[in-house]
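Read through the structure below, which is laid out as structure tokens, and then see the notes.
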Amino acid sequence: MSLESFFHEVISPQRPLRLVPVYGLLRLVAVFYGLGQRVRAGFYRQGIFKTRRLNCRVISIGNLTLGGTGKTPMVMMLADTLRRKGFKPAILSRGYGGQSGEFVNVVNDGQQTLLSPEMVGDEPVMMAQRLKDIPVLTGRIRYETGKYAIEQFGVDVLILDDGYQHLPLHRDLNILLCDATRPFGNGVVFPAGELREPLSAMDRADVICLTRCREDSQTDRIDGCNRKQVPVVQTGLRVQSVIELSSGKETGIEIVQHQPAAAFCGIAHHLDFFRTLEQVPVQIVNQNHFPDHHDYSTDDLKTIENRAKQAGAKLIVTTEKDAVKLKGHAFGLPVYAVRIALEILEGQEEWDRLLLLPGGGSG
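Read in order, the letters of the sequence shown correspond to residues 7 to 369 in the working numbering.
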């Protein structure tokens, strides 16, 4: 059992009796962790810890829970929207999983992708390949990467990927993402739960975006915690196209529709990907999932392909995020990366107002 699986087993309400003492210990630690997060946020709010400003508009996208809430599709949609409206955006990411020790890493200079997933992480490279003419940078100190982007690329809007907890940098618009089906995880602060911060941190948001909205969405839980009554926007994911791995060619989803396929991914919520494939629809005959940001070995990929063939699959489908780590591997079956797009389902007018007006947001 992986550490991630063990963690979810411990925090689950259906945890085995033998894990109750472990959970009790984690709840005690969570009290002090949550207190520490409140104190930290309070120090920034009171000016004891300094927040620095950059000489352009800064928009932050992040969440309160561990794991995926659709940040990357939101970042790409936001960057593309700003570009089409005449702005010059750049994306600042932490570069989770990357091995580079450089202070500032230019993943994309607005013309080409320069660095590999091994150096800067899979998500920045995926965004760089999708948004070819938008600079993407990584670095632990967002102020420095932002300053570099302004000086070198002349950008006028900076998008902080996973920036909700990055309080040292002032932001002009704070976008909080919540998974509509499980907006607060199990409702407990880490390490006894999936919350990065106590729910009081929602007060920093200028707009709340519900992601993965569907019929079982828990919008009432958001309403009860939205003490500032900021706008709530509902969003969903749709399959936009597929990309053939061997050629890099983007094509319509009809090429994989109704085909027997094997699916694999290494993302935070693998079931969401498999559920998304139902939109196509693809006939899934075999599924494989790995931990988030998984670094695929040759043996992993051989196993995936062997299982696919044994199950009678005619092709293999994976996520666009996983596909950036598969370059150079020769498959015996066609492999397609599924390109996902985020769309506003409810609240478009309010979203446009906040996004496109320089004064939108409370800072």
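Positions of the beta carbon are idealized from the N, C-alpha and C atoms, including for glycine.
- Going by DSSP, glutamate 326 is part of the alpha helix (DSSP H) stretching over 326 to 329.
- At a Cβ-Cβ threshold of 8 Å, aspartate 168 and arginine 63 do not count as neighbours.
- At a Cβ-Cβ threshold of 8 Å, leucine 164 and leucine 98 count as neighbours.
- Taking the CA atoms as reference points, proline 204 sits about 30 Å from valine 126.
- Just so you know, the alpha carbons of serine 303 and isoleucine 310 end up roughly 11 Å apart.
- Alanine 343 carries a strand assignment under DSSP once its states are collapsed to helix, strand and coil.
- Nearest in C-alpha terms to glycine 272, of all of Lys331, Asn292, Ile290 and Lys56, is Lys331.
- Collapsing the DSSP output to three states places glutamate 203 in coil.
- A distance below 8 Å between beta-carbons, with the five flanking residues on each side excluded, links threonine 78 to the following residues of its chain, in chain order: Glu129, Met132, Met133, Asp167 and Lys327.
- In the DSSP annotation of this structure, the continuous segment of the beta strand (DSSP E) that includes arginine 63 starts and ends at 63 to 69.
- Judged by their CB atoms, valine 341 and threonine 325 are not nearer to each other than the 8 Å cut-off.
- Secondary structure of phenylalanine 270 (DSSP, three-state): strand.
- Listed in chain order, the alpha helix (DSSP H) elements of length 4 or more contained wholly in the region 99 to 140 are 123 to 126 and 128 to 136.
- About 7 Å separates the CB atoms of valine 113 and threonine 119; that is less than 8 Å, so the two are in contact.
- If you compare the alpha carbons of Asn232, Arg220, Ala198 and His335 with that of glycine 30, the shortest gap goes to Ala198.
- Membership of isoleucine 165 in the beta strand (DSSP E) is indicated by the continuous run 163 to 167.
- In the DSSP assignment, threonine 309 falls within the unbroken alpha helix (DSSP H) covering 304 to 316.
- Contact between the region 60 to 74 and the region 290 to 297 is absent, with fewer than three C-beta pairs closer than 8 Å.
- Between the beta-carbon of serine 66 and that of isoleucine 181 there is about 6 Å, and that keeps the pair under the 8 Å contact cut.
- For proline 287, same chain residues with a beta-carbon under 8 Å away, outside a window of 5 residues either side, are Gln263 and His264 in chain order.
- By the C-beta density criterion, aspartate 305 is exposed, having fewer than 16 other C-beta atoms within 10 angstroms.
- Close CB contacts of aspartate 162 within its chain, under the 8 Å cut and outside five residues either way in sequence, are with Cys62, Arg63, Phe93, Lys94 and Pro95 (chain order).
- Around the beta carbon of glutamate 260, fewer than 16 other beta carbons lie within 10 angstroms, which makes this residue exposed.
- When secondary structure is reduced to three states using DSSP, alanine 96 falls in the strand class.
- For valine 238, the uninterrupted beta strand (DSSP E) run begins and ends at 238 to 250, by DSSP.
- Here the alpha carbons of methionine 82 and leucine 143 stand approximately 14 Å from one another.
- Assigned with DSSP and collapsed to three states, glutamine 293 falls in strand.
- Arginine 33 sits in a helix when the DSSP states are folded into three classes.
- Put simply, the backbone Cα of isoleucine 346 is about 23 Å away from that of leucine 307.
- Counting the other Cβ atoms within 10 Å of the Cβ of glutamine 52 gives fewer than 16, which makes it exposed.
- If the five residues before and after glutamate 10 are omitted, its C-beta is found closer than 7 Å to the C-beta atoms of Pro297, all from its own chain and listed in chain order.
- Proximity to lysine 315 across Lys333, Asp301 and Val291 peaks at Val291, based on C-alpha coordinates.
- With respect to the 8 Å criterion, cysteine 219 and alanine 268 are not classified as neighbours on the basis of their beta carbons.
- When the five nearest sequence neighbours on each side are left out, the beta carbons in the same chain lying within less than 6 Å of the beta carbon of leucine 32 are those of Pro197 and Ala198, in order along the chain.
- By the C-beta density criterion, glutamine 117 is exposed, having fewer than 16 other C-beta atoms within 10 angstroms.
- Residue environment for glutamate 108: exposed (fewer than 16 other C-beta atoms within 10 angstroms of its C-beta).
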